[in-house]
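Student:
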Amino acid sequence: MLKIQNYINGELIAPLEGNYIDNYNPSKGEVYSQIPNSQTNDVELAVKAGQEAFPAWSKMPKNERSKIMVRLADLIDENLEELARAEAMDNGKPLSLAMRVDIPRASANIRFFATAILHNASQSHHMEEGFTNYTLNHPLGVVGCISPWNLPLYLFTWKIAPAMASGNCVVAKPSEVTPMTAYLFSKLCIEAGVPKGVMNIVHGLGAHAGDAIVSHPKVKAISFTGGTATGKIIGRKAAETFKKTSLELGGKNPNIIFADCDFEAMLNTTLHSSFANQGQICLCGSRIFIEKPIYEKFKTAFIEKLKTHKVGDPFDKSSKMGAMVSKEHLEKVLGYVQLAKEEGGKILFGGNKLTIEGSENGYYMEPTVIEGLDFNCRTNQEEIFGPVVTLTPFETDEEVLEYANSTQYGLAATVWTENLTRAQRISQELESGIVWVNCWLVRDLRTPFGGVKSSGLGREGGFRALEFFTEPKNVCIKY
Ligand code: NDP
1 MLKIQNYING
11 ELIAPLEGNY
21 IDNYNPSKGE
31 VYSQIPNSQT
41 NDVELAVKAG
51 QEAFPAWSKM
61 PKNERSKIMV
71 RLADLIDENL
81 EELARAEAMD
91 NGKPLSLAMR
101 VDIPRASANI
111 RFFATAILHN
121 ASQSHHMEEG
131 FTNYTLNHPL
141 GVVGCISPWN
151 LPLYLFTWKI
161 APAMASGNCV
171 VAKPSEVTPM
181 TAYLFSKLCI
191 EAGVPKGVMN
201 IVHGLGAHAG
211 DAIVSHPKVK
221 AISFTGGTAT
231 GKIIGRKAAE
241 TFKKTSLELG
251 GKNPNIIFAD
261 CDFEAMLNTT
271 LHSSFANQGQ
281 ICLCGSRIFI
291 EKPIYEKFKT
301 AFIEKLKTHK
311 VGDPFDKSSK
321 MGAMVSKEHL
331 EKVLGYVQLA
341 KEEGGKILFG
351 GNKLTIEGSE
361 NGYYMEPTVI
371 EGLDFNCRTN
381 QEEIFGPVVT
391 LTPFETDEEV
401 LEYANSTQYG
411 LAATVWTENL
421 TRAQRISQEL
431 ESGIVWVNCW
441 LVRDLRTPFG
451 GVKSSGLGRE
461 GGFRALEFFT
471 EPKNVCIKY
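Numbering (this note's numbering), first residue to last: 1 to 479.
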């Protein structure tokens with residue numbers, strides 16, 4: 001059985017204490033590899049490697065740093081199929097999705113930040129009294145990047161790319177549930193000629209390896225994407241050593257549909273925004289609010305579409321949805337369906353675990369649509385992070401804004417209307433880091449990405465990410 005290794009100081013090495021954790025293929029429900037159960041001493045080794053590599057990497061001319069990273073992006077493109085297969089196997093997502101979205105986005109992340117540093121001008125301020133100020137942006141040193149399982153390589157690279165590009169050395173921990181593409185990425189780092197110690201990947205549990213990164217006094221910043229509960233723990237821990245923190249956390253995103261929308265476009269996109277990646281995307285619109293005049297029409301058309309939305313083996317080309325990431329997560333999501341019933345919800349579609357022929361032990365679930373719930377019940381307030389959406393009718397803009405803004409989260413919202421004035425006004429009033437009007441998950445890497453309220457702290461994306469991974473210094477010169 002394949003034993004994944006840590007990537008420390010340019011080498012693939014076993015965890016110091018020699019302990020491993022089983023890694024599952026969720027589409028079969030079988031262990032197919034093992035990952036290091038890294039501890040504080042492994043993290044210590046990685047931080048030390050990062051510290052040693054830092055002076056040379058941070059002083060390397062940006063052109064050269066950029067070239068190495070572009071080579072890394074090229075290698076991801078060249079290995080697209082192998083990486084996509086690994087992602088589908090590890091996570092349960094359809095191979096087609098990994099080929100089309102996850103892996104191309106991973107190389108785009110690296111290419112974007114590798115070239116952004118070449119265009120990043122610093123500021124200067126001149127004072128009439130005879131002084132000139134300018135700003136130097138220094139890399140921080142060794143930084144920690146901790147990423148989740150839902151978009152494994154996509155989110156991993158979203159963090160490590162701006163960190164490396166800005167001249168930092170990285171200690172990263174991918175989710176213990178989906179380590180495989182980060183492991184393959186280690187090999188690509190070696191092939192691309194990333195200097196040893198610049199990028200270090202320590203596999204293992206959040207509570208051990210993750211915590212050791214967050215607690216380490218020499219780690220200067222933590223960029224974290226994951227659940228809100230974990231974000232709170234990390235935020236508190238990181239504050240003890242005054243680390244900079246960027247927290248991208250959970251969501252319970254509203255999808256607001258007005259009667260005047262382009263119905264066909266809305267319907268097709270809503271299918272994706274509800275169930276893409278089995279609903280396991282922090283940006284999925286899990287609360288669908290529909291203006292009353294088209295409520296019944298929407299309901300009928302949505303459910304009709306779902307009848308042909310095939311759940312199946314990730315490697316089957318016709319599968320629109322694959323397996324849930326783990327048994328525990330499947331059970332958690334099914335628990336929410338049960339809660340919805342107890343709260344008075346009516347299951348309009350799905351709601352059950354699915355058995356797929358040939359993959360009887362896999363963790364599959366039907367896409368699920370529920371109606372009849374109060375906007376402030378637990379099902380409508382807590383993040384489920386699975387293929388479960390609720391439908392709620394509304395009559396006025398004020399009413400839907402109250403519903404949409406009622407949760408502790410504020411990550412992303414979608415609005416469907418042909419009325420530009422209304423789109424503008426609703427976008428203004430939504431408590432959300434991102435608003436998509438008449439589209440969903442359209443990403444321009446230059447834009448700020450992140451949430452408000454319990455959905456996070458800080459913004460990533462574009463120059464904001466480069467800012468996060470650097471410390472500005474003002475120099476004032478009298479002339
Ligand atoms: P978790 O918060 O459980 O884990 C995220 C990462 O943190 C994992 O690598 C995990 O390791 C690690 N971790 C867990 N505990 C600690 C700790 N005490 N110290 C340091 N690291 C720790 O999230 P999930 O992996 O379950 O991902 C799903 C969540 O991520 C959802 O809530 C989703 O909304 C959110 N998310 C947010 C996004 C955003 O951009 N806002 C984007 C994508 C997802 P381990 O795997 O071993 O537990």
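Yeah, the Cβ is synthetic: ideal placement off N, Cα and C, and Gly gets one too.
Excluding the 5 residues flanking Val47 on each side, which residues of the same chain have their C-beta closer than 7 Å to its C-beta?
Tutor: So the list reads Val142, Val171, His216, Lys218, Val219, once near-sequence residues are dropped.
Student: Looking at the ligand NDP, does it come within less than 7 Å of Thr421, judged from the CB to the closest heavy atom?
Tutor: No, the beta carbon of Thr421 sits no closer than 7 Å to any heavy atom of the ligand NDP.
Student: Between the C-alpha atoms of Asn19 and Pro61, what's the straight-line distance to the nearest angstrom?
Tutor: C-alpha separation (whole angstroms): 40 Å.
Student: Is Pro179 near Gln278, with beta carbons less than 8 Å apart?
Tutor: No, the pair does not count as a contact, with Cβ atoms beyond the cut-off.
Student: Runs of 4 residues minimum, wholly inside the segment 411-475: which ones carry the alpha helix (DSSP H) assignment?
Tutor: List check, alpha helix (DSSP H) in window: 420-429, 462-468.
Student: So, at 6 Å on beta carbons, what are the nonlocal neighbours of Ile160 in its own chain, with the 5 sequence-adjacent residues on each side left out?
Tutor: For Ile160, where only same-chain residues beyond five positions count, the Cβ hits under 6 Å are Cys145, Val170, Ala172.
Student: Which residues does DSSP pair with Cys145 in a beta bridge?
Tutor: For Cys145, which the question treats as bridged, DSSP gives the partners Ala172, Ser223.
Student: Take Lys196 as the anchor and find which of Ala53, Lys307, Glu296, Ser274 has the nearest alpha-carbon.
Tutor: With distances taken between Cα atoms, Lys196 lies closest to Ala53.
Student: Identify whether Leu140 lies in helix, strand or coil by the three-state DSSP scheme.
Tutor: It is coil, neither helix nor strand.
Student: Beta-carbon within less than 6 Å of Pro293's beta-carbon, same chain only, minus the 5 sequence neighbours each way: which residues are those?
Tutor: Closer than 6 Å at the Cβ level, and outside the excluded window around Pro293, lie Ala259.
Student: Compute the beta-carbon to beta-carbon distance between Lys480 and Leu391, rounded to the nearest angstrom, for a pair I have assumed lies under 8 Å.
Tutor: The structure shown has nothing for residue 480, since the chain only spans 1 to 479.
Student: Assign Tyr479 to one of three DSSP states: helix, strand, or coil.
Tutor: Looking at Tyr479 - three-state DSSP - the assignment turns out to be coil, as it is neither helix nor strand.
Student: Could you tell me which residues DSSP pairs with Phe263 in its beta bridges?
Tutor: DSSP output for Phe263 lists no bridge partner at all.
Student: With 16 as the cutoff for other CB atoms within 10 Å, does Leu482 come out buried or exposed?
Tutor: Nothing in the structure corresponds to residue 482, since the chain is present only between 1 and 479.
Student: Taking DSSP as the reference, what is the three-state secondary structure of Asp74?
Tutor: In this structure, Asp74 counts as helix in the three-state DSSP scheme.
Student: Per the contact definition of three or more C-beta pairs closer than 8 Å, is the segment 344-358 in contact with the segment 244-262?
Tutor: Verdict: no, contact absent.
Student: Using the Cα positions of Ser455 and Leu411, report the straight-line distance between them to the nearest angstrom.
Tutor: Roughly 5 Å separates the two Cα atoms.
Student: Which value, in whole angstroms, describes the spacing of the CA atoms of Leu505 and Lys187?
Tutor: An answer regarding residue 505 cannot be provided, because it is not within the stretch 1 to 479 covered by the chain.
Student: How many whole angstroms separate the CB atoms of Thr225 and Glu191, which I take to be in contact at a CB cut-off of 8 Å?
Tutor: Contact flag wrong, Cβ pair sits at about 26 Å.
Student: Would you decide whether Gln5 is buried or exposed? Buried here means 16 or more other CB atoms lie within 10 Å of its CB.
Tutor: Burial call: buried.
Student: Grouping DSSP H, G and I as helix and E and B as strand, with all else coil, what is Ile384?
Tutor: Correct three-state label for Ile384: coil.
Student: Quick one: what's got a C-beta closer than 8 Å to Gly235's C-beta in the same chain, skipping five residues either side?
Tutor: Closer than 8 Å at the Cβ level, and outside the excluded window around Gly235, lie Thr245, Leu247, Leu457.
Student: Along the beta strand (DSSP E) that carries Gln338, what are the first and last residues, could you check?
Tutor: Careful: Gln338 lies outside any beta strand (DSSP E), inside the alpha helix (DSSP H) at 327-342.
Student: Between Thr225 and the ligand NDP, is there a pair consisting of the residue's CB and a ligand heavy atom that are separated by less than 7 Å?
Tutor: At least one heavy atom of the ligand NDP is nearer than 7 Å to the Cβ of Thr225, so yes.
Student: Measuring only from the beta carbon, is Leu249 closer than 7 Å to any heavy atom that is part of the ligand NDP?
Tutor: At least one heavy atom of the ligand NDP is nearer than 7 Å to the Cβ of Leu249, so yes.
Student: Given a cut-off of 8 Å on the beta-carbon distance, is the pair Asn168 and Pro139 in contact?
Tutor: For Asn168 and Pro139, yes; Cβs fall inside 8 Å.
Student: Does the count of Cβ pairs from the segment 82-96 and the segment 35-46 closer than 8 Å reach three?
Tutor: No, the segment 82-96 is not in contact with the segment 35-46.
Student: Along the beta strand (DSSP E) that carries Gln34, what are the first and last residues, could you check?
Tutor: Run containing Gln34: 30-36, per the beta strand (DSSP E) assignment.
Student: May I ask you to list the residues that DSSP assigns as paired with His126?
Tutor: Partner(s): Thr132.
Student: Leaving out the 5 sequence neighbours to the left and right, which residues in its chain are closer than 6 Å to Phe112 when beta-carbon positions are compared?
Tutor: The residues are Leu445.
Student: Any heavy atom of the ligand NDP closer than 7 Å to the Cβ of Lys244?
Tutor: Because no heavy atom of the ligand NDP lies under 7 Å away, the Cβ of Lys244 does not count as near it: no.
Student: Quick check on Met1 - is its C-beta less than 8 Å from some C-beta in chain B?
Tutor: The question asks about chain B, but that chain is absent: this structure has only one protein chain.
Student: Which word fits Glu402, buried or exposed, when buried means at least 16 other C-beta atoms lie within 10 angstroms of its C-beta?
Tutor: Exposed.
Student: Beta carbon of Ser273, beta carbon of Cys282: below 8 Å?
Tutor: Against a cut-off of 8 Å, the Cβ pair of Cys282 and Ser273 comes out as no contact.
Student: Which partner residues does Ile8 have in the DSSP bridge list?
Tutor: Ile8 pairs with Glu11.
Student: Residues bridged to Gly285 by DSSP?
Tutor: Asn253.
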